[in-house]
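First up is the structure itself, then whatever we jot down about it.
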């Protein structure tokens, strides 16, 4: 997560003050750095400790605009994390997202494992508790239904039934 946004600064502080969590930051690189990273096979890494992003338990994104959806996909690819949620296994980080654009999570529902709905300040501690509880058991990915304050496509019916004779 980046820190130009005060809301992200607050989440960063909440997580790092928690005895069970540690937050680090990573940024989507500009095209020139991305080219070098791909050429030299340098994975996306945190700016705090330079730890590869794919070694974290959770990678969370702030979706402040629909325009950053492609950054999310690109960051996962640079990190060496399968883009599609269905391709990830327990060894991969769980992918989360929050921010203004999660009011409609469907465009990224096949990619993001859970969407934090509402004020991040209010839900981050609960989500952290769930993640911590399952970290050493069966795995977070298989227990994500416990994230009651989140949206997961598997919990929602997305079928549309038209009962009208005429559609325009």
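Residue numbers (our numbering): 15 to 182. No residue lacks a Cβ here, since even glycine has one placed at the ideal position from N, Cα and C. All of these numbers come straight from a predicted model, not from anything done at the bench.
Two segments are said to touch when three or more pairs of C-beta atoms, one from each, lie closer than 8 Å; by this definition the stretch 130-147 touches the stretch 21-36. As the crow flies, the alpha-carbon of residue 45 is around 20 Å from that of residue 76. Judged by their CB atoms, residue 65 and residue 36 are not nearer to each other than the 8 Å cut-off. Here residue 126 has 109 and 111 as same chain residues with Cβ atoms under 6 Å from its own Cβ, once five neighbours each way along the sequence are excluded.
Taking each of 116, 97 and 113 in turn and checking the Cα distance to residue 107, the smallest one comes out for 97. Residue 131 and residue 24 have their C-alpha atoms spaced approximately 16 Å apart. By the CB criterion at 8 Å, residue 42 and residue 115 fall outside the cutoff.
If the five residues before and after residue 60 are omitted, its C-beta is found closer than 7 Å to the C-beta atoms of 38, 39, 40 and 67, all from its own chain and listed in chain order. Non-local beta-carbon contacts of residue 72 in its own chain, meaning distances under 8 Å to residues more than five positions away in sequence, involve 107, 108, 109, 110, 145 and 154 in chain order. Rounded to whole angstroms, residue 95 and residue 129 show a C-alpha spacing of 18 Å. When rounded, the separation of the alpha-carbon atoms in residue 104 and residue 147 is 15 Å.
Around the C-beta of residue 86, 16 or more other C-beta atoms lie within 10 Å, and the residue is accordingly described as buried.
The beta carbons of residue 122 and residue 92 sit about 17 Å from each other, so the pair does not count as a contact at 8 Å. Check the Cα spacing between residue 78 and each of 21, 136 and 56: the tightest is with 21.
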